[in-house]
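There are 2 protein chains.
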Amino acid sequence: MPLPLAFLSASPEGAHLPLQMLLVFGSAKLLAEVAQRLRMPGIVGGLLAGILIGPSVLNWIRYDDLLRALAELGVMFLLFQVGLEVKATELLRVGRVAMLTAILGVILPFLLGWAILVAARHPPIESIFMGAAMVATSVGITAQVLAAKGILQHQTARVILAAAVIDDVLGLLVLAVVSSMGEKGGIDFVGILTSAAVSILFVVAVVEFGARTVNVVLPRVTRRLKVEEAEFAVAVIFLFIMALLATYSGVAAIIGAFLAGMALAETASKRLHTLVHGAGELMVPFFLASIGLQMDLSVFGDASTLGLGIAILIAAILSKGVGCGLGAWKLGFKDAARIGAGMIPRGEVGMVVAQVGLSKGEISQSVYGVAVFMSVATTILAPPLLNFVYRDIAPAEPPPDDDLPLELG
Amino acid sequence: MPLPLAFLSASPEGAHLPLQMLLVFGSAKLLAEVAQRLRMPGIVGGLLAGILIGPSVLNWIRYDDLLRALAELGVMFLLFQVGLEVKATELLRVGRVAMLTAILGVILPFLLGWAILVAARHPPIESIFMGAAMVATSVGITAQVLAAKGILQHQTARVILAAAVIDDVLGLLVLAVVSSMGEKGGIDFVGILTSAAVSILFVVAVVEFGARTVNVVLPRVTRRLKVEEAEFAVAVIFLFIMALLATYSGVAAIIGAFLAGMALAETASKRLHTLVHGAGELMVPFFLASIGLQMDLSVFGDASTLGLGIAILIAAILSKGVGCGLGAWKLGFKDAARIGAGMIPRGEVGMVVAQVGLSKGEISQSVYGVAVFMSVATTILAPPLLNFVYRDIAPAEPPPDDDLPLELG
Chain A
1 MPLPLAFLSA SPEGAHLPLQ MLLVFGSAKL LAEVAQRLRM PGIVGGLLAG ILIGPSVLNW
61 IRYDDLLRAL AELGVMFLLF QVGLEVKATE LLRVGRVAML TAILGVILPF LLGWAILVAA
121 RHPPIESIFM GAAMVATSVG ITAQVLAAKG ILQHQTARVI LAAAVIDDVL GLLVLAVVSS
181 MGEKGGIDFV GILTSAAVSI LFVVAVVEFG ARTVNVVLPR VTRRLKVEEA EFAVAVIFLF
241 IMALLATYSG VAAIIGAFLA GMALAETASK RLHTLVHGAG ELMVPFFLAS IGLQMDLSVF
301 GDASTLGLGI AILIAAILSK GVGCGLGAWK LGFKDAARIG AGMIPRGEVG MVVAQVGLSK
361 GEISQSVYGV AVFMSVATTI LAPPLLNFVY RDIAPAEPPP DDDLPLELG
Chain B
410 MPLPLAFLSA SPEGAHLPLQ MLLVFGSAKL LAEVAQRLRM PGIVGGLLAG ILIGPSVLNW
470 IRYDDLLRAL AELGVMFLLF QVGLEVKATE LLRVGRVAML TAILGVILPF LLGWAILVAA
530 RHPPIESIFM GAAMVATSVG ITAQVLAAKG ILQHQTARVI LAAAVIDDVL GLLVLAVVSS
590 MGEKGGIDFV GILTSAAVSI LFVVAVVEFG ARTVNVVLPR VTRRLKVEEA EFAVAVIFLF
650 IMALLATYSG VAAIIGAFLA GMALAETASK RLHTLVHGAG ELMVPFFLAS IGLQMDLSVF
710 GDASTLGLGI AILIAAILSK GVGCGLGAWK LGFKDAARIG AGMIPRGEVG MVVAQVGLSK
770 GEISQSVYGV AVFMSVATTI LAPPLLNFVY RDIAPAEPPP DDDLPLELG
């Protein structure tokens, strides 16, 4: 389909970048305003903006490498900001509940996704890929909603964040197993166990020892520097190093960004919070819009795909909500429900799995479309759901004033 | 030449972006620290970082579309921040001096650049392109140095900023004339005059009326919005709109960004300043590094090109310094020298002209290399020079405290 606005971006030298920025940032903020007025979280607007200007509706914007990079930077800064609000010790305290939450929240969605596709007579490997796409939680959206409400200090928020880190490691394992299944020579168990060990080692090392070391070392380094905004410079360099190490140890860059923020949580100044918030404010809308931009509703041309999409969406919500809720059962029904709701969004993680399946030729275009739809729809439904289950929790701190860093909206 | 670090960026999914970010941002900040310790402005480090990691020395980084986009965003936010410190009325007050400064600062460099290449027996059209590449000032670096010193309120800073805006319009005209010279049918005077009229109209409309309107309208809009960080959202959308309008009216996007900031100068809150500063802190290093990344010193393989490069560099410095200094003569020798020094950097603007010449086949690869060298070297030499000529000017305001927006370093 042609891009109706292509004539605009084609015109003068240098117009392309500001035009793209304006369309994405502007529509995200405009729809966020509309969402707020309808008493929904503002980020729903950002997500819908991507659907509106993307291939599903207006087709004004192509999801290109630049938008992908800005989106990745946006979600990195988002998780970095969230990490700045969380201390490693607090995460460790909820470790067991989080572990159970993550494990049950991986098993149930995988089984249900697989079963539905088997029942609908899809090939075995395609069914397994669908199950794998339903496994991993994308914590960015939940984190943003909780941060905007000022309740990142709530116990359930800790459990969600810790479970999301564990979930990412488990998702990596599932993807590794699944993607090696179609290949010749069978499953490479040694390779998979090695990468599992590396990723677990990375996370444990950072949470157990890294944070303490960084809390001592980085402020000393910063104090000796003469460069302007030295704390910000050191923090951002540390963020990129951790994101890079995370990808090398097999987990997502955003998990590295979150751990980087967490390592700095105890020493970060108010000014660092605000500067990081400024950078995030610019780039987070690109992350939100990018999720919607990747969805193409035209895949639901025939009724059977539409039926499958709806079944998978319901399964994705129920299996994750119930699985994680069961894992957190000992915290009581209300908190278990909050944790279950917080783990529902699949976001970009589910889409990555679907892309791997598509690129290997293991899943069809329509199943790919269903997986993307599931990822986007769970992500869009999560904020109103979170608004509902957290309706009677007050912010742990006074509402953000002019310079507090909590308003990630 | 192969990129020695390519194996790193090729490895795991998602590693490329944090690696690129780390190399550019990290090296820019590291060399900025070194520069500060050698009592040079920090941005010299950022500029040298691009040369170090680019094709001239280590060849670790290719200047690709993502870095170009981040660099453009960086310089847009830089000029937007500078605009926030400048009121339109103050710019108009120095209009006449600025006009004379800009005009003489265009004529002298053009004539000298052209004459040197004619003397060195280059073809006429190539000589004209060289002159054109020496015309336009890139105000970003000077603005950053003056902002970091807290002296954007000084009269000479106003003249430099106003002259840079006029200079951009003149540069556009020169480029339009020059690039139509090689084409069939001769020079399209009607088209050129039309685009001149549009660009002048745009600038005058914004400076004369736009700022006043915006100062009334935008705060009212912002007050009624419910979206989080509404002022930042409105300001950034306005920034992109103005950058886009600027490119459509023929001037550079950064001139639009500067005018956008200026229009908001009287009503911007402290929080807006800080948030914009945070976004800028992240992206400005990419702008600085991108300048050095575009230079390839290997072009100076033969002595005659090296000689030409040195001659053109000296001519670029003297002609701009003397031309602009003469234009501002009535302010006295010291201020005239300051203004002359501030107009010397050619930055990305000279490179754009050289690229047009190269793409049209009107200039050779070696003359292109000389033009890029001239652009980069004038930009790197300007900060120490500015440090020197402004050494006895104290900041007009108290030195930036924890939340003042002036430290653009």
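For the protein sequence lines, the chains are A and B, in the order given.
In terms of the working numbering, the numbers along the first sequence are unbroken and rise by one, the last being 409.
In terms of the working numbering, the numbers along the second sequence are unbroken and rise by one, the last being 818.
Every residue gets a Cβ at the ideal spot worked out from N, C-alpha and C, and that includes glycine.
Comparing C-alpha distances from PHE489 of chain B to each of B:ALA652, B:ILE516, B:LEU461 and B:VAL607 shows the shortest one belongs to B:ALA652.
Fewer than three pairs of CB atoms, one per stretch, sit closer than 8 Å, so the segment 465–481 of chain B makes no contact with the segment 708–719 of chain B. If you compare the alpha carbons of B:TRP738, B:GLU757, B:GLY756 and B:ILE452 with that of GLY749 of chain B, the shortest gap goes to B:TRP738.
Interface with chain B (8 Å Cβ-Cβ cutoff): ASP168 of chain A is excluded.
Straight-line measurement puts the Cα of THR379 of chain A at about 20 Å from the Cα of SER366 of chain A. For the segment 211–242 of chain A, the beta-carbon criterion of a distance under 9 Å to any beta-carbon of chain B is satisfied by LEU225, LYS226, VAL227, GLU228, GLU229, ALA230, PHE232, ALA233, VAL234, VAL236, ILE237, LEU239, PHE240, ILE241 and MET242.
Around ARG747 of chain B, the same chain offers THR565, VAL798 and TYR799 as residues with beta carbons nearer than 7 Å, after the five sequence neighbours per side are excluded. By the rule that beta-carbons nearer than 8 Å mark a contact, LEU653 of chain B touches chain A. Annotated as distal: SER588 of chain B and ASP597 of chain B, with beta-carbon spacing of 8 Å or more. Here GLU638 of chain B is buried, its C-beta having at least 16 other C-beta atoms within 10 Å. Of the other Cβ atoms in all chains shown, 16 or more fall within 10 Å of the Cβ of ARG346 of chain A; this residue is therefore buried.
Rounded to the nearest angstrom, the Cβ distance from ILE241 of chain A to LEU431 of chain B is 6 Å, consistent with a contact under 8 Å. Along the segment 499–515 of chain B, none of the residues has a CB nearer than 8 Å to a CB of chain A. For HIS277 of chain A, the neighbours in chain B by C-beta distance under 8 Å run, in chain order, LEU684 and GLY687. In its chain, beyond the 5 residues on either side, LYS149, GLY150 and ILE151 have a beta carbon closer than 7 Å to the beta carbon of PRO395 of chain A. Counting the other Cβ atoms within 10 Å of the Cβ of PHE209 of chain A gives fewer than 16, which makes it exposed. Contact annotation: the segment 514–526 of chain B does not touch the segment 309–325 of chain A, with fewer than three C-beta pairs closer than 8 Å. DSSP, reduced to helix, strand and coil, places THR676 of chain B outside both helices and strands of the structure shown, so it counts as coil. Assigned with DSSP and collapsed to three states, ALA341 of chain A falls in helix.
Shown here for MET539 of chain B: same chain residues with a beta carbon closer than 8 Å to its own, the five before and five after excluded, namely GLY522, TRP523, ILE525, LEU526, HIS531, ILE721, ILE772, VAL776, VAL779 and ALA780 in chain order.
Between PHE286 of chain A and LEU70 of chain A, the gap from beta carbon to beta carbon is short of 8 Å. Counting only unbroken stretches of 4 or more residues, the alpha helix (DSSP H) elements lying wholly within the segment 243–293 of chain A are 253–264 and 270–293, in sequence order. In the DSSP annotation of this structure, the continuous segment of the alpha helix (DSSP H) that includes MET130 of chain A starts and ends at 124–133. Shown here, TYR777 of chain B sits in a helix according to DSSP, grouped into three states. In terms of beta-carbon proximity, LEU467 of chain B stays away from the interface with chain A, with every pair separated by 8 Å or more.
LEU161 of chain A is positioned such that its CB atom lies closer than 8 Å to that of ALA143 of chain A. For TRP329 of chain A, there is no enclosing alpha helix (DSSP H), since its DSSP letter is neither H nor E. 8 Å or more divides the Cβ of GLY54 of chain A from the Cβ of LEU288 of chain A.
Counting along the chain, no alpha helix (DSSP H) covers PHE209 of chain A, and no H or E run does either.
The segment 493–503 of chain B makes no contact with the segment 449–456 of chain B; the number of CB pairs closer than 8 Å stays below 3. Under the Cβ criterion of 8 Å, GLY26 of chain A is counted among the residues facing chain B.
The Cβ of LEU431 of chain B sits closer than 8 Å to at least one Cβ of chain A.
For the pair ALA688 of chain B and VAL548 of chain B, the Cα-to-Cα distance works out to about 20 Å. If you check each beta-carbon in the segment 434–466 of chain B against every beta-carbon of chain A, the ones closer than 7 Å belong to PHE434, GLY435, LYS438, ALA441, GLU442, GLN445, ARG446 and GLY451. Those residues of the segment 690–721 of chain B placed with their C-beta closer than 9 Å to a C-beta in chain A are GLU690, LEU691, MET692 and PRO694, ordered along the chain. A direct Cα-to-Cα measurement between GLU348 of chain A and LEU385 of chain A gives close to 19 Å.
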